[in-house]
Amino acid sequence: MKLADVSGPYFGQYGGRFVPEALIAALEELDTEFRKAADDPAFAAELQRLHREYTGRPSPLTEVPRFAAHAGGESGGVRVFLKREDLNHTGSHKINNVLGQALLVKRMGKKRLIAETGAGQHGVATATAAALMDLECVVYMGEEDTRRQALNVARMRLLGAEVVPVKIGSRTLKDAINEALRDWVANVETTHYLLGTVTGPHPFPEMVRQFHRIIGEEAREQILERTGRLPDVVAACVGGGSNALGIFNAFLDDKDVELRGFEAGGEGIESGRHAARFSGGALGVLHGARSYLLQDDDGQTLPSHSVSAGLDYPSVGPAHAWLHDLGRATYEPVTDDEAMEAFRLLCRTEGIIPAIESAHALAGALRVGQAAAAEGRTGPDGEPLVLLVNLSGRGDKDVATAARWFGLLDGADNNVAAEELERQEGRG
Amino acid sequence: MSTVTQQATGPDTHSGTADLIARLREQENRPALVGYLPVGYPTVDRSIEALKTLVDHGVDIIELGIPYTDPVLDGPVIQAAAQGALDAGARVRDVFRVVRELTEYAPHVPVLVMTYWNPVLKYGPDAFARDLAAAGGAGLITPDLIPDEGADWIAASEAHGLDRVFLVAPSSTPERLRLTVGQSRGFVYAASLMGVTGERNQVGSRAEQLVADTRAAGAPNVCVGLGVSTGAQAAEVGRFADGVIVGSALVRPLLSDGPLPDDEWAVRLTNLAGVTEDLAAGVRSARAPAPTDPPAATPGGATTSGEAL
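Listed in order, the protein sequences are those of chains A and B.
If you use our numbering, the first sequence corresponds to residues -10 to 417, in order.
If you use our numbering, the second sequence corresponds to residues -5 to 303, in order.
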């Protein structure tokens, strides 16, 4: 079987269903509906229509030569292409999965959606789909995150969603997922949990991959058209791992394409304040799946840290754990500092403000390109090396964070910003 | 040592917990009272005092919780206690000390450990089973481990003669009930309503149906948990269940925002004893013969619930 088509519940030794029995019937129902829909041309046609008319797919592929010049491309040795998921409606790749699951919810006849969100991208996408399809929507969000991302809270409320601040535990994404799971256990007969990434109990990791595989499929076609060949390296940021798996999937069976995932190195691995599951984690179970997990000697989940809320999660999708062990993809940390430098560089060189999450992939691309230049590595026949980067989201939501980071605000605003930054740094 | 290992019938078929439930049913015509408290709240030593209070005031089986950072099947009361225990430095290995002290104090009371799966996975399922058995523990209740994912635990519990208490829910299909019952030992935990732990005004009418369905799937002992908080509810549930499991209502009297001085802690233990006695009276009145004076209500049976139980 092709790697791209491996199905759950297990990816190697990872995945599974480590959830209360009360949820099993709903997971079975979802799995059945998902597989029925996969065989139903009407479902595919409706999803395709939404992608085209609502989301704005296909998302463009943009070559970024001025950025590439900093990735060892001064001599034309490296070409960098961005897959522009940031240009999707709602501003990130999240909408792909949300629309797919929302259509399944309509088929199952459920009327209520719940979701977790960190920075708010998945929450906004879910609230959007709920408005579009006339579904009730409740979004769980860590209290810390509701404060840091007040604009996205307002956005979700504008769209008609109820936003519930979660005030227990570390008050971030992990705890928002706990609270969503508790809601789901209590209301599973009427409610669908619209999980936002490739983690969780089966069938979520497989299903969310399926709804995002369009990213890689489009990108593969686009880059073949533009360069006449496959990319040498595909780079993506990895929190739960949905955008990365979405773009990797189309290249998994192309052995010559190097797949590179970049997770949040936070303040550095040695600081202990990071979300680098592959560098600092070990086999464990969280939120229904067995995977790599940041945990202490007792198996208690450790708090993660990242400047980007979307990568601030202590576990990672089981398919990534599997690809890591197979050696098919490699994963390495990018620090907050490196990500913010890449963030600024893309703004200044290309006029594109990326999400800070995606800036981790950009920093990774710079690292890959610079290493290639140093080693004199090229593409086949001495052609320039081709790097494909998934630009998974846009940075509107991150403008306040970036303004504080780079000290771009005037006087009093900057003082407020400095205090805010201190408070964030003191967190978790 | 524990009631489990004293028996000679072999680990595959035998459970001291099941024996106790059967004896209460046959000799006292009543369900068992299963009482939950977490290890280490507010401290390990005080949690031992609280657990001894449960035993002294009528709990038949102890459900000893391991505090965990991500307890997805627990409501606010137990979450708060678990977090408090972790903040106070509770460690997974403390559970073995607590089990040992309890089983020495009350050898007739089975102690089941309730734990989410990751702490056991991290410890190593076989090592955990070995150390729990050595401490005198009766087995595990596993809220986020279904038998389908439980091969390691099933092997470890077989090797060390421990109970495996899996959960069933109102949404469980007949096939899943059979699977779960077939892999359980000691009793089957019927989560009586759809939801997390916590106190509720009513226990779902689905509880009785779930118990009946679980028995039909082959379970000799079905205990009901989630939502039971009063003696009246314990009596109501105890009419049809083999055991009544109570958690949040026992944890609540112990909750405090900060460390308590000894005298205030003593008051908390007195309150805990009161709640326990109310529940213990409830399970003892659950199947009491109808009183000969028609208007008199059965003790503890004055349910205001309109449920058709």
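Built from N, CA and C at the ideal position, the CB exists for glycine as well.
Here the structure is a predicted model, which means the values were calculated and not measured.
Residue burial classification, residue i (beta-carbon count within 10 angstroms, cutoff 16)
{"i": "Gly365 (chain A)", "result": "exposed"}
{"i": "Asp68 (chain B)", "result": "buried"}
{"i": "Arg6 (chain A)", "result": "buried"}
{"i": "Ser260 (chain A)", "result": "exposed"}
{"i": "His102 (chain B)", "result": "exposed"}
{"i": "Tyr281 (chain A)", "result": "buried"}
{"i": "Thr264 (chain B)", "result": "exposed"}
{"i": "Leu220 (chain B)", "result": "buried"}
{"i": "Ala225 (chain A)", "result": "buried"}
{"i": "Phe395 (chain A)", "result": "exposed"}
{"i": "Gly78 (chain B)", "result": "buried"}
Residue-level contact to chain B via CB, residue i, 9 Å cutoff
{"i": "Gln2 (chain A)", "result": "no"}
{"i": "Leu275 (chain A)", "result": "yes"}
{"i": "Gly415 (chain A)", "result": "Unreliable positioning characterises Gly415 (chain A) in this predicted model, as indicated by a pLDDT of 48, which lies under 50. The coordinate reading is nonetheless provided below. Chain B, which has no Cβ nearer than 9 Å to the Cβ of Gly415 (chain A), makes this no."}
{"i": "Asp134 (chain A)", "result": "no"}
{"i": "Gln211 (chain A)", "result": "no"}
{"i": "Glu178 (chain A)", "result": "yes"}
{"i": "Leu184 (chain A)", "result": "no"}
{"i": "Gln284 (chain A)", "result": "yes"}
{"i": "Asn167 (chain A)", "result": "yes"}
Residue closest to residue i, alpha-carbon to alpha-carbon, out of the options
{"i": "Gly112 (chain A)", "options": "A:Ala233, A:Val375 and A:Val152", "result": "A:Val152"}
{"i": "Ser166 (chain B)", "options": "B:Arg87, B:Ala150 and B:Ile140", "result": "B:Ile140"}
{"i": "Gln110 (chain A)", "options": "A:Phe237, A:Ala91 and A:Ala344", "result": "A:Ala344"}
{"i": "Ile258 (chain A)", "options": "A:Ser295, A:Gly368 and A:Val69", "result": "A:Ser295"}
{"i": "Ile148 (chain B)", "options": "B:Glu169, B:Arg179 and B:Gly131", "result": "B:Arg179"}
{"i": "Pro(-2) (chain A)", "options": "A:Gln289, A:Ala278 and A:Val223", "result": "A:Ala278"}
{"i": "Val49 (chain B)", "options": "B:Gln73, B:Val89, B:Val93 and B:Thr37", "result": "B:Val93"}
{"i": "Glu152 (chain B)", "options": "B:Pro168, B:Ala123 and B:Ile135", "result": "B:Ala123"}
{"i": "Lys72 (chain A)", "options": "A:His263, A:Pro322 and A:Glu210", "result": "A:Glu210"}
{"i": "Gly232 (chain B)", "options": "B:Val240, B:Pro25 and B:Arg17", "result": "B:Pro25"}
{"i": "Ala64 (chain B)", "options": "B:Gly225, B:Ala75, B:Glu57 and B:Asp207", "result": "Here the sequence assigns Asp to residue 64 (chain B), which means Ala is not the residue at that position. Ranking the options by Cα distance to Asp64 (chain B), first place goes to B:Ala75."}
{"i": "Leu12 (chain A)", "options": "A:Arg218, A:Phe267 and A:Pro190", "result": "A:Pro190"}
{"i": "Asn232 (chain A)", "options": "A:Asp20, A:Gln37, A:Gly80 and A:Asp28", "result": "A:Gly80"}
{"i": "Phe0 (chain A)", "options": "A:Asp28, A:Val155 and A:His309", "result": "A:His309"}
{"i": "Ala(-7) (chain A)", "options": "A:Arg68, A:Ala389 and A:Asp243", "result": "A:Asp243"}
{"i": "Ala116 (chain A)", "options": "A:Ala15, A:Arg136, A:Gln138 and A:Ile84", "result": "A:Ile84"}
{"i": "Pro168 (chain B)", "options": "B:Phe160, B:Leu187 and B:Ala211", "result": "B:Ala211"}
{"i": "Val419 (chain A)", "options": "A:Val174, A:Gly149, A:Pro30 and A:Ala26", "result": "With chain A represented from -10 up to 417, any question about residue 419 (chain A) goes unanswered, as that position is not in the structure."}
{"i": "Leu45 (chain B)", "options": "B:Arg87, B:Ala185 and B:Pro104", "result": "B:Pro104"}
{"i": "Leu115 (chain B)", "options": "A:Arg356, A:Ala298 and A:Val274", "result": "A:Val274"}
{"i": "Ala350 (chain A)", "options": "A:Leu397, A:Gly371 and A:Asn379", "result": "A:Asn379"}
{"i": "Ile236 (chain A)", "options": "A:Ser347, A:Ala271 and A:Cys126", "result": "A:Ser347"}
Min CB distance residue i to chain A below 9 Å
{"i": "Gly241 (chain B)", "result": "no"}
{"i": "Tyr117 (chain B)", "result": "yes"}
{"i": "Ser299 (chain B)", "result": "Low per-residue confidence applies at Ser299 (chain B): pLDDT is 35, beneath 50, and the placement is therefore not dependable, though the value from the model is reported in the following sentence. No, no contact with chain A."}
{"i": "Ala82 (chain B)", "result": "no"}
{"i": "Gly69 (chain B)", "result": "yes"}
{"i": "Tyr62 (chain B)", "result": "yes"}
{"i": "Ala185 (chain B)", "result": "yes"}
{"i": "Thr270 (chain B)", "result": "no"}
{"i": "Thr174 (chain B)", "result": "yes"}
Contact list for residue i against chain A, beta-carbon separation under 7 Å
{"i": "Leu36 (chain B)", "result": "It is Pro, not Leu, that sits at residue 36 (chain B) in the sequence shown. Near Pro36 (chain B) there are no residues of chain A at all, since even the closest Cβ is about 18 Å away, more than 7 Å."}
{"i": "Trp111 (chain B)", "result": "Phe7 and Val274"}
{"i": "Asp138 (chain B)", "result": "Phe7, Val8 and Pro9"}
Chain B contact residues for residue i, given Cβ-Cβ distances below 7 Å
{"i": "Lys100 (chain A)", "result": "In chain order: nothing, as chain B lies at least about 16 Å away."}
{"i": "Ile103 (chain A)", "result": "Neighbours of Ile103 (chain A) on chain B: none; closest Cβ ~13 Å, over 7 Å."}
{"i": "Asp287 (chain A)", "result": "Arg85, Val86, Pro113 and Lys116"}
{"i": "Leu170 (chain A)", "result": "Val66"}
Chain C contact residues for residue i, given Cβ-Cβ distances below 8 Å
{"i": "Glu143 (chain B)", "result": "Looking at the structure shown, chain C is missing, and the protein chains on hand are A and B."}
Interface residues of chain A facing residue i [CB-CB closer than 9 Å]
{"i": "Ser166 (chain B)", "result": "Glu10, Ala11, Ile13 and Ala14"}
Proximal chain B residues relative to residue i, where beta-carbon distance stays under 9 Å
{"i": "Gly158 (chain A)", "result": "Thr63, Asp64, Gln73 and Gln77"}
{"i": "Thr290 (chain A)", "result": "Tyr62, Thr63, Asp64 and Asn112"}
{"i": "Gln90 (chain A)", "result": "Here the premise fails: no neighbours, minimum Cβ distance about 20 Å."}
{"i": "Lys163 (chain A)", "result": "Thr63 and Asp64"}
{"i": "Asn86 (chain A)", "result": "Within 9 Å Cβ-Cβ: nothing; Asn86 (chain A) doesn't reach chain B, min ~22 Å."}
Partner residues on chain A for residue i, Cβ-Cβ distance less than 8 Å
{"i": "Val162 (chain B)", "result": "Glu10"}
{"i": "Arg170 (chain B)", "result": "Glu10, Ile13 and Ala14"}
heavy atom of the ligand SAM below 8 Å from residue i C-beta
{"i": "Leu48 (chain B)", "result": "Absent from the structure shown: the ligand SAM. Ligands present: none."}
Where residue i meets chain B, residues with beta-carbon distance less than 8 Å
{"i": "Asn238 (chain A)", "result": "Under the 8 Å cutoff, chain B gives no residues; its nearest Cβ is about 26 Å from Asn238 (chain A)."}
Those runs of the alpha helix (DSSP H) which lie wholly inside the stretch 291 to 319 of chain A and span at least 4 residues:
DSSP runs (the alpha helix (DSSP H)) wholly in the stretch 291 to 319 of chain A: 307 to 315.
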